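J.:
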Amino acid sequence: MTESLLELLEAESGIVCAVGAGGKKTVLNLLCAHHPGRVALTASVGTTRFPPLPGLEVVVEEDEQALTDRIRQAPGTAKVAYARPTDKPGRLGGVSMQLIERVHAEGGFAASYVKADGARMRWIKAPAPDEPVIPPACTTLIGVVSARAIGQPFDERVAHRLERLSRVTDIARTEPISPSHVGRLIAHPEGLMKRAEGRAMVAVINMVDDAVREVLAREAAEAALDLAPRLNRVVLARLNHPEAPVVAVIRR
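In structure tokens, the structure reads:
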């Protein structure tokens with residue numbers, strides 16, 4: 000590939016938010032690890048603990064002013080992850096959209112990577128009415144869905160927010176999830192493109208782990224591009240292979 004993952008996802012600078020299911024945290028962690036400059040990693044919703052990336056300083060504070068002060072005290076640190084504490088084991092709390100914008104602007108970060116919704120470890124989801132939680136200054140929205148969802152039954156084991164998914168994709172409870180359903184989810188203004196207005200938007204179909212899944216993911220990507228004129232490309236990925244995460248790029 001001549002383009003890096005940072006370039007393909009338009010994630011080299013600005014506030015970059017990831018939404019959807021099946022790899023949000025993984026893609027944000029990869030972007031954070033690969034970026035050569037000063038970057039932040041955070042979440043506007045609840046999240047799991049941050050990964051032990053080399054050189055990553057983790058700041059966890061309940062008080063937003065204390066959190067901001069601690070980040071300011073580490074101006075030479077290239078990579079900073081920050082969040083609020085929570086009583087849930089293995090979990091962290093999200094921070095406010097206003098704090099994300101302030102830390103990004105005042106902290107000298109080239110990019111801030113933000114998990115902006117939750118999916119409860121499912122492979123496919125549609126956003127709730129109050130999702131995604133995207134700062135107004137967000138510059139790029141990355142919508143993620145797993146290729147492993149394709150061909151699976153449409154039920155709670157695979158999908159999050161079934162009623163909203165059905166409304167967005169026209170899938171019935173008796174149907175398996177098809178490439179066309181995934182394409183509709185990516186393209187729909189109440190699906191992965193929700194609140195994408197005025198921002199760069201890139202879709203990622205993750206977990207493209209074999210040739211069969213690649214064929215199905217390509218079909219889903221082409222359906223999404225047909226339905227969403229402002230979507231320029233869909234990245235097929237296997238993000239669990241960090242040295243070669245990009246399988247293919249489907250362009251308009």
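Everything in the sequence shown is counted per numbering that gives the first Met the number 0, starting at 0 for the first residue and increasing by one. By construction, the Cβ of each residue, glycine as well, lies at the ideal position given by its N, Cα and C atoms. Predicted, not measured: the structure shown is a model, and the values here were computed from it.
Could you compute how far the alpha carbon of P131 sits from the alpha carbon of E56?
T.: Position 132 of the sequence shown, counting from 1, holds the residue named residue 131. Position 57 of the sequence shown, counting from 1, holds the residue named residue 56. The alpha-carbon atoms of P131 and E56 are separated by roughly 26 Å.
J.: With which residues is P175 paired in a DSSP beta bridge?
T.: Residue 175 sits at position 176 when you count from the first residue of the sequence shown. DSSP lists P152 as partners of P175.
J.: Report the partner residues of C16 according to the DSSP bridge assignment.
T.: Taking the first residue of the sequence shown as position 1, residue 16 is located at position 17. For C16, the beta-bridge partners assigned by DSSP are V113 and L140.
J.: At 3 residues or longer, and completely inside the stretch 192-248: list those beta strand (DSSP E) runs for me, N to C.
T.: For the stretch 192-248, whole beta strand (DSSP E) runs of length 3 or above, ordered along the chain, are 199-205 and 232-236.
J.: Mind checking who V79 pairs with in its DSSP beta bridge?
T.: Indexing the sequence shown from 1 puts residue 79 at position 80. V79 pairs with A39 and E56.
J.: In this structure, does DSSP put K87 in helix, strand or coil?
T.: Along the sequence shown, read from residue 1 onward, the residue named residue 87 stands at position 88. Of the three classes helix, strand and coil, the one that applies to K87 here is coil, per DSSP.
J.: Using the C-alpha atoms, what's the distance from P51 back to R198?
T.: For the purposes of this step, residue 198 is taken as the residue at position 199 of the sequence shown. For the purposes of this step, residue 51 is taken as the residue at position 52 of the sequence shown. Using only the alpha carbons, I get a separation of about 30 Å.
J.: Name the residue from H34, N231, P241 and I99 whose alpha carbon lies nearest to the alpha carbon of A109.
T.: Residue numbering aside, residue 109 sits at position 110 when the sequence shown is read from its first letter. Taking only the C-alpha atoms, the option nearest A109 is H34.
J.: Could you give the C-beta distance for L7 and V234, rounded to a whole number, given that I count them as a contact under 8 Å?
T.: To locate residue 7, count along the sequence shown from 1; it is residue 8. To locate residue 234, count along the sequence shown from 1; it is residue 235. About 5 Å; that satisfies the 8 Å criterion.
J.: Can you check DSSP and say which residues form a bridge with G92?
T.: Here residue 92 is taken as the residue at index 93 of the sequence shown, counted from 1. Beta-bridge pairing links G92 to R83.
J.: If we count Cβ pairs, one from each stretch, closer than 8 Å, do we get three or more for the stretch 7-21 versus the stretch 183-202?
T.: yes
J.: Of the choices V15, A236, E213 and A227, whose alpha-carbon is the least far from that of I99?
T.: On the sequence shown, position 100 is the one that residue 99 refers to. Minimum Cα distance to I99 is reached at V15.
J.: Of all the options H180, G142, L215 and R166, which has the alpha carbon lying nearest to the alpha carbon of L230?
T.: Within the sequence shown, residue 230 is the residue found at index 231, counting from 1. It is G142 whose Cα lies nearest to the Cα of L230.
J.: Residues in its own chain within less than 8 Å of S12 by CB, not counting five upstream and five downstream?
T.: Position 13 of the sequence shown, counted from the first residue, corresponds to residue 12. Once the five neighbours on either side are set aside, the close Cβ partners of S12 are A109, A110 and T138.
J.: I want to know whether the stretch 146-157 touches the stretch 62-76 - three or more CB-CB distances under 8 Å.
T.: no
J.: So is K24 buried or exposed if we call it buried at 16+ other beta carbons inside 10 Å?
T.: Taking the sequence shown and counting its residues from 1, the one referred to as residue 24 is at position 25. Looking at its Cβ environment, which holds 16 or more other Cβ atoms inside 10 Å, K24 is buried.
J.: Can you tell me where the alpha helix (DSSP H) with L7 in it begins and where it stops?
T.: The sequence position of residue 7 within the sequence shown is 8, counting from 1. Unbroken alpha helix (DSSP H) run through L7: L4 to L7.
J.: To the nearest angstrom, how far is the alpha carbon of M0 from that of N239?
T.: As a first step, residue 0 must be located in the sequence shown, where it is residue number 1. As a first step, residue 239 must be located in the sequence shown, where it is residue number 240. Because the pLDDT at M0 is just 41, under 50, the model does not fix this residue reliably, and the value given afterwards should be weighed accordingly. Roughly 17 Å separates the two Cα atoms.
J.: Roughly how many angstroms lie between the CA atoms of V102 and L140, to the nearest whole one?
T.: Here residue 102 corresponds to residue number 103 of the sequence shown, with the count starting at 1. Here residue 140 corresponds to residue number 141 of the sequence shown, with the count starting at 1. The alpha-carbon separation between V102 and L140 amounts to approximately 19 Å.
J.: If you reduce the DSSP assignment to three classes, tell me which class H34 lands in.
T.: Numbered from its first residue, the sequence shown carries residue 34 at position 35. If DSSP states are grouped into helix, strand and coil, H34 belongs with coil.
J.: Can you name, in chain order, every residue of its own chain whose Cβ lies under 7 Å from the Cβ of V44, other than the five neighbours on each side?
T.: As a first step, residue 44 must be located in the sequence shown, where it is residue number 45. Here the set comprises G93, K114, A115, D116, G117 and V132.
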